[in-house]
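Down below is the structure, laid out as structure tokens.
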Amino acid sequence: MFKDIKFRWAFIVFLLIASAYLIWPTYKIYSLTDSEKKDLSDESLKELRDGSINLGLDLQGGMYVLLEADIPVLVEKLADKSTEELRDAIKFADQKSTNNQTDFFTEFLQICNQELINLKRNYRLISELSTNESIVNELKVQRDNAISSALEIIRNRIDEFGVSEPTIQKYGANRIIVELAGIQDPDRARNLIQRTASLEFALVLNEQWESVLDNIDNYLLSDSSILDLNIDLSSNSQLTKTDSINSAQDIFLSENIIDQSTNNIGTSKDVLKERPFSGYLRGVPRGIGVISKEYDLVKSMLDKSEIQRKIPPSGKFLWGSKFETAQDQSGQFINYRQLYYVSSNPEISGGMIRDPRATMGGAGTDASGQWVVNISMSPEGTKRWSRFTGANINRQVAIILDEKVYMAPQIRDKIPTGQTQITGFADVNEAKDIANVLRAGELPAPVEIVEERTVGPSLGSDSIASGRKAMLYGLLSVIIFMIIYYKLSGILATTALLLNLIMVVAILAGLNATLTLPGIAGLILTIGMSVDANVIIFERIREELNLGKTVKAAIDSGYERAFITILDANVTTLIAAFVLAWIGSGPIKGFAVTLSTGIICSMFTAIFVTRSVFMIFTERKVLKSLSI
Numbered sequence: 056m057f058k059d060i061k062f063r064w065a066f067i068v069f070l071l072i073a074s075a076y077l078i079w080p081t082y083k084i085y086s087l088t089d090s091e092k093k094d095l096s097d098e099s100l101k102e103l104r105d106g107s108i109n110l111g112l113d114l115q116g117g118m119y120v121l122l123e124a125d126i127p128v129l130v131e132k133l134a135d136k137s138t139e140e141l142r143d144a145i146k147f148a149d150q151k152s153t154n155n156q157t158d159f160f161t162e163f164l165q166i167c168n169q170e171l172i173n174l175k176r177n178y179r180l181i182s183e184l185s186t187n188e189s190i191v192n193e194l195k196v197q198r199d200n201a202i203s204s205a206l207e208i209i210r211n212r213i214d215e216f217g218v219s220e221p222t223i224q225k226y227g228a229n230r231i232i233v234e235l236a237g238i239q240d241p242d243r244a245r246n247l248i249q250r251t252a253s254l255e256f257a258l259v260l261n262e263q264w265e266s267v268l269d270n271i272d273n274y275l276l277s278d279s280s281i282l283d284l285n286i287d288l289s290s291n292s293q294l295t296k297t298d299s300i301n302s303a304q305d306i307f308l309s310e311n312i313i314d315q316s317t318n319n320i321g322t323s324k325d326v327l328k329e330r331p332f333s334g335y336l337r338g339v340p341r342g343i344g345v346i347s348k349e350y351d352l353v354k355s356m357l358d359k360s361e362i363q364r365k366i367p368p369s370g371k372f373l374w375g376s377k378f379e380t381a382q383d384q385s386g387q388f389i390n391y392r393q394l395y396y397v398s399s400n401p402e403i404s405g406g407m408i409r410d411p412r413a414t415m416g417g418a419g420t421d422a423s424g425q426w427v428v429n430i431s432m433s434p435e436g437t438k439r440w441s442r443f444t445g446a447n448i449n450r451q452v453a454i455i456l457d458e459k460v461y462m463a464p465q466i467r468d469k470i471p472t473g474q475t476q477i478t479g480f481a482d483v484n485e486a487k488d489i490a491n492v493l494r495a496g497e498l499p500a501p502v503e504i505v506e507e508r509t510v511g512p513s514l515g516s517d518s519i520a521s522g523r524k525a526m527l528y529g530l531l532s533v534i535i536f537m538i539i540y541y542k543l544s545g546i547l548a549t550t551a552l553l554l555n556l557i558m559v560v561a562i563l564a565g566l567n568a569t570l571t572l573p574g575i576a577g578l579i580l581t582i583g584m585s586v587d588a589n590v591i592i593f594e595r596i597r598e599e600l601n602l603g604k605t606v607k608a609a610i611d612s613g614y615e616r617a618f619i620t621i622l623d624a625n626v627t628t629l630i631a632a633f634v635l636a637w638i639g640s641g642p643i644k645g646f647a648v649t650l651s652t653g654i655i656c657s658m659f660t661a662i663f664v665t666r667s668v669f670m671i672f673t674e675r676k677v678l679k680s681l682s683i
């Protein structure tokens, strides 16, 4: 069949048509202007992108992030009995491993053995492992499992984000590399990657506010060394005691407007002398809050361990998810952050949440025209939610995501179905991101960004321009050499070379591959390798002609003798390319894919295409001599 010249040329024409079909989406999408892209429908644009070659981080700009899982937090989280001595050992091991650049688990095991800490008491879930060494080894396994889970969760989140061909892979024992090419909103991506997705429903403890605030105030008054109470927050003006809330109880008697004491000046020093903590709190719609200019100060106060010890274990302070704006009695607009006091024991946790979806609030509801996240609950969660709402009618429940309160609605009736709605989102992206995070799942351990690089689009354009010039100069150099040295046969080789490049680009487009700067280097390398096979064939044919064989016999013998040499040379290179594609990532993988595709196509064009051209002339006996 392949000896039939008509079939061979029909096959070549078919490949050219198929290549043009595969390349067309790539040509189309990169030739469109930004305004033309906006005019296209989402479906049409997605269809073009799905069928085109993607540009990597180094060619179109984007974001590179190196994440590190917080292993000490994970180790403490895995303990079913967390004691103070265990927490101290974890903290000390973390410090030593960071300072000495050593393995955390090695330091942790050494400290536990030195301090005679029996880990079996803290990790009863793996109590069948009797020694500290075996328990630490099991913790390492749990670490590896947590990193694998984090990889999958981050990948699911990024997929929902809509980034084309992201690179997400493990790096070392507890690090993850994320490369997002063409990202338009780095802040949103950064928040999406790091979010822990801890969702809880907890009771708001309004009736305990006053006693907790009094405890904190009394403690600060008794020990002035904790805070400098003589700091004057307002150099421009002083308020009188009567301008502020007289007691913690007054907070709950405020109207649905900012209390008149809430202003953009600050809190009076005289007020702080009597109430060093609660003096900062202002009556705001639906509760109490802190004005924006004093938020950092109050937050730092709450973060102090001395003050945390004055808060009962049954409750905790949490901030609202964002700053809000309200109007005081004088008509002035004030920015504030709401503060909540909620139960430390949530009634509903994230594991009970099912099918979170971001939708537009229905007409006739309180959330009409707003983006909301609707969630349902597992059978266990539904039962607990029904029992909880029935027992706490007319009380507030805080919906907490990642230790921030998104809303605290009042329970009006018993909710037996488990269907719940989260509102208060700024825009569609925020609602979708939260739904996506909840759907993907909770990260087993917090992750922190230890390295971040952003590649600008202009730098990517420069890389494309440099790569294009390098490819053009390399191509012209090869063409000139082949034509000068092999004359008309050189022209045939360069024609096969151009067909080879077309086929490589078509295959990359068909695979929806990502082209990187090393990938362009792979294309340039392919240019040289594609004519290498022709050089071997032409030299074999020249040897046969020098032995006195006819043109047809020399061509047939040259291709037959060169085939094994070409196959061996390309297969060995192909093996190396496959290994790079298997263990490599990002640019390295892009280079390997491009190189392996180029090798396969160059073998085809050298052995099949050029032979087909020679067959036309030799079978018709019009080729009396060969310019080679």
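The sequence shown: position 272 = 327 (this note's numbering), numbered continuously.
Where a beta carbon is used, it is the ideal one built from N, C-alpha and C, also for glycine.
| Query | Result |
| --- | --- |
| Candidates 411, 519, 436: closest to residue 427 by CA position | 411 |
| Meets three-Cβ-pair contact criterion under 8 Å: the region 160-178 and the region 141-149 | yes |
| Cut-off 7 Å between Cβ atoms - residues of its own chain near residue 136, not counting five sequence neighbours on either side | 176, 177, 179 |
| From 400, 443, 480, 242, residue whose alpha carbon lies closest to that of residue 467 | 443 |
| Straight-line Cα distance separating residue 211 from residue 143 | 35 Å |
| Residue from 471, 388, 423 with nearest C-alpha to residue 477 | 423 |
| Distance between beta carbons of residue 272 and residue 337, contact taken as under 8 Å | Rounded, the Cβ-Cβ distance is 16 Å, inconsistent with contact. |
| Check whether residue 564 and residue 81 have beta carbons under 8 Å apart | yes |
| Spatial neighbours of residue 585 in its chain, beta-carbon cut-off 6 Å, leaving aside the 5 residues before and after | 552, 555, 657 |
| Where residue 416 sits in the DSSP three-state scheme | strand |
| Residue interval of the beta strand (DSSP E) (run including residue 467) | Premise fails: residue 467 is in no beta strand (DSSP E) and is neither H nor E. |
| Reduced DSSP secondary structure (H/G/I, E/B, other) of residue 225 | strand |
| Cut-off 7 Å between Cβ atoms - residues of its own chain near residue 414, not counting five sequence neighbours on either side | 427, 429 |
| Where the alpha helix (DSSP H) containing residue 436 begins and where it ends | 434-446 |
| Cβ neighbours of residue 76 in the same chain (closer than 6 Å, five flanking residues each side left out) | none |
| Local Cβ density within 10 Å of residue 369, reported as buried at 16 or more and exposed below that | exposed |
| Range covered by the beta strand (DSSP E) that runs through residue 372 | 370-375 |
| As assigned by DSSP and simplified to three states, the class of residue 89 | helix |
| Same chain only: Cβ atoms within 7 Å of residue 612, ignoring 5 sequence neighbours per side | 599, 604 |
| Residue 256 (DSSP reduced to helix, strand or coil) | strand |
| The region 124-139 touching the region 585-595, judged by at least three CB pairs closer than 8 Å | no |
| Three-state class that DSSP yields for residue 105 in the structure shown | helix |
| Residue 382 - partner residues in DSSP beta bridges | 388 |
| Limits of the unbroken alpha helix (DSSP H) element including residue 584 | 572-601 |
| Validate contact between the region 226-241 and the region 347-355 using beta carbons, cut 8 Å, 3 pairs | no |
| Beta-carbon gap between residue 504 and residue 257 smaller than 8 Å | no |
| Burial state of residue 634 (16 or more Cβ within 10 Å) | exposed |
| Length of the line joining the Cα atoms of residue 268 and residue 484 | 37 Å |
| Anticipated Cβ contact below 8 Å, residue 365 with residue 449, distance rounded | About 29 Å separates the two Cβ atoms, so there is no contact after all. |
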